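Just so you know, the protein sequences line up as chains A and B, in that order.
Using the numbering used here, the first residue of the first sequence is number 672, and each one after it goes up by one.
Using the numbering used here, the first residue of the second sequence is number 672, and each one after it goes up by one.
Here's the structure we're looking at; comments come further down.
2 protein chains.
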Amino acid sequence: MGMPQLTRNQSLVLGALSHSEGPMSAYTILDKLRDQGVRAPLQVYRALDKLLEYGLVHRLESINAFVACTCPHEHEHDHGVTAFTICEGCGQVTEFHDEAIEQRLAVLVRGQSFKTEKTTIEIRGHCKSCG
Amino acid sequence: MGMPQLTRNQSLVLGALSHSEGPMSAYTILDKLRDQGVRAPLQVYRALDKLLEYGLVHRLESINAFVACTCPHEHEHDHGVTAFTICEGCGQVTEFHDEAIEQRLAVLVRGQSFKTEKTTIEIRGHCKSCG
DNA sequence: ATCAATTGCGTTATGCTATAACGTGTGCGA
DNA sequence: TCGCACACGTTATAGCATAACGCAATTGAT
Ligand SMILES: [Zn+2]
Ligand SMILES: [Zn+2]
Ligand SMILES: [Zn+2]
Ligand SMILES: [Zn+2]
Chain A
672 MGMPQLTRNQ SLVLGALSHS EGPMSAYTIL DKLRDQGVRA PLQVYRALDK LLEYGLVHRL
732 ESINAFVACT CPHEHEHDHG VTAFTICEGC GQVTEFHDEA IEQRLAVLVR GQSFKTEKTT
792 IEIRGHCKSC G
Chain B
672 MGMPQLTRNQ SLVLGALSHS EGPMSAYTIL DKLRDQGVRA PLQVYRALDK LLEYGLVHRL
732 ESINAFVACT CPHEHEHDHG VTAFTICEGC GQVTEFHDEA IEQRLAVLVR GQSFKTEKTT
792 IEIRGHCKSC G
């Protein structure tokens with residue numbers, strides 16, 4: 672449940688995401704890594720699964736894509752509710768966290784006696800540059 | 672931009688979703704409607720596009736599925752930010768709206784000079800019954 | 001040291017989700 | 001009557017994700 676050394680494939684995938692300007696689909700990652708010996712979708716998906724588990728990567732549900740986590744902290748703890756703005760113009764993704772929203776959602780789901788496992792908040796629109 | 676009479680395919684798709692216990696994928700809808708003459712995915716997707724536009728149906732991004740809107744109102748206006756709890760056990764989906772969250776998100780994106788077009792909030796977990 | 005369990009790897013095949021591209025028909029206003 | 005918008009139907013294709021198999025390396029008791 673901790674975060675062991677990354678394997679080769681995991682490092683390659685995380686590297687690709689970290690150096691990318693924006694989010695990438697699993698297949699786009701695959702294409703970027705073919706030269707480095709990654710050949711099949713499963714190699715990417717398996718690496719992504721682990722990176723997601725370790726909190727080093729986030730999945731953007733609304734666009735079937737992945738981004739490296741941009742949190743400042745050392746990923747040694749869970750990072751609660753994560754929210755994203757996603758620009759439809761340039762693809763820029765901004766990760767943010769807000770205690771107030773987290774609290775309010777907690778109250779609302781408790782009202783339903785619902786037990787939260789994962790929360791997705793994604794805001795599509797246009798960034799400052801893309802007006 | 673208003674909401675005209677639904678076409679045959681749109682009515683069939685909305686009917687299928689309305690009578691369903693939980694969310695359905697486009698292909699599941701297709702299967703339910705084969706007897707009524709729906710044969711191809713595009714017929715379903717085109718109907719869904721319109722129903723989404725009219726606000727009669729919501730798309731659940733995190734599970735690639737669709738639900739009929741359960742808002743009490745008459746769908747004559749936009750319904751702002753919509754949030755969902757989605758039970759992993761029984762599939763039950765509950766739609767809810769919260770002004771506080773909407774406001775808070777508005778503040779946060781304004782801070783980024785981001786212009787929101789669509790907001791997705793989906794909470795996966797387990798409902799009261801499924802513990 | 002040995003065995004069993006776990007984990008990652010690589011490959012092939014398959015399944016699920018969504019859209020492209022084309023042509024048809026119908027209604028409606030200019 | 002013409003032109004346009006829109007819904008429809010079909011075939012084909014693109015894009016996203018997992019099943020199932022076997023092998024290799026690691027770990028951690030016994
Ligand atoms: Zn993060
Ligand atoms: Zn932008
Ligand atoms: Zn609704
Ligand atoms: Zn349930």
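Note that the Cβ used here is the ideal one computed from N, Cα and C, for glycine as well.
Please read these numbers as outputs of a predicted model, since none were measured by experiment.
Give me, in chain order, the residues of the same chain whose beta-carbon lies closer than 7 Å to that of residue i; leave out the 5 immediate sequence neighbours on both sides.
i	result
residue 780 of chain B	787
residue 721 of chain A	681
residue 723 of chain B	730
residue 719 of chain B	684, 697, 728, 737
residue 790 of chain B	752, 776
residue 763 of chain A	693, 798
residue 716 of chain A	697
residue 714 of chain B	680
residue 795 of chain A	733, 757, 759
residue 677 of chain A	685
Given residue i, which residues of its chain have a CB within under 6 Å of its CB, disregarding the five upstream and five downstream residues?
i	result
residue 760 of chain A	797, 801
residue 825 of chain B	The structure shown has nothing for residue 825 of chain B, since chain B only spans 672 to 802.
residue 703 of chain A	687
residue 758 of chain B	797, 798, 801
residue 689 of chain B	739
Taking 6 Å as the cut-off, is the beta-carbon of residue i closer than that to any non-hydrogen atom of ligand 3?
i	result
residue 724 of chain B	no
residue 765 of chain B	no
residue 740 of chain B	yes
residue 690 of chain A	no
residue 768 of chain A	no
residue 750 of chain A	no
Could you pull the start and end residues of the beta strand (DSSP E) that residue i belongs to?
i	result
residue 757 of chain A	754-758
residue 794 of chain A	786-797
residue 731 of chain A	728-731
residue 765 of chain A	764-767
Measuring from the CB of residue i, is there a heavy atom of ligand 1 at a distance below 6 Å?
i	result
residue 753 of chain A	yes
residue 797 of chain B	no
residue 729 of chain B	no
Mind pulling the chain B residues with CB within less than 8 Å of residue i?
i	result
residue 775 of chain A	769, 771, 772, 775
residue 788 of chain A	759, 795, 796, 797
List the endpoints of the continuous alpha helix (DSSP H) containing residue i.
i	result
residue 709 of chain A	Per DSSP, residue 709 of chain A belongs to no alpha helix (DSSP H) and is neither H nor E.
residue 776 of chain A	770-782
residue 699 of chain B	697-703
residue 688 of chain A	679-689
Is any heavy atom of ligand 4 found at a distance shorter than 6 Å from the C-beta of residue i?
i	result
residue 800 of chain B	yes
Say the cut is 6 Å; is the CB of residue i nearer than that to a heavy atom of ligand 2?
i	result
residue 760 of chain A	yes
For residue i, which residues in the same chain have their Cβ closer than 8 Å to its Cβ, ignoring the five residues on either side in sequence?
i	result
residue 712 of chain B	697, 698, 701
residue 766 of chain B	729, 738, 740, 741, 742, 753, 754, 755
residue 750 of chain B	726, 740, 742, 744, 768
By the criterion of Cβ-Cβ separation under 9 Å, what are the contact partners of residue i in chain A?
i	result
residue 721 of chain B	The premise fails here: residue 721 of chain B is roughly 20 Å from chain A at the closest Cβ pair, so nothing lies under 9 Å.
residue 785 of chain B	756, 758, 765, 794, 796, 797, 798, 799
Which residues of chain A have a Cβ atom closer than 8 Å to the Cβ of residue i, listed in chain order?
i	result
residue 791 of chain B	732, 733, 791, 792, 793, 794, 795
residue 780 of chain B	756, 794, 796
Q: Indicate whether the contact test is met: 3 or more Cβ pairs, each with one atom in the stretch 724-738 of chain B and one in the stretch 692-707 of chain B, closer than 8 Å.
A: yes
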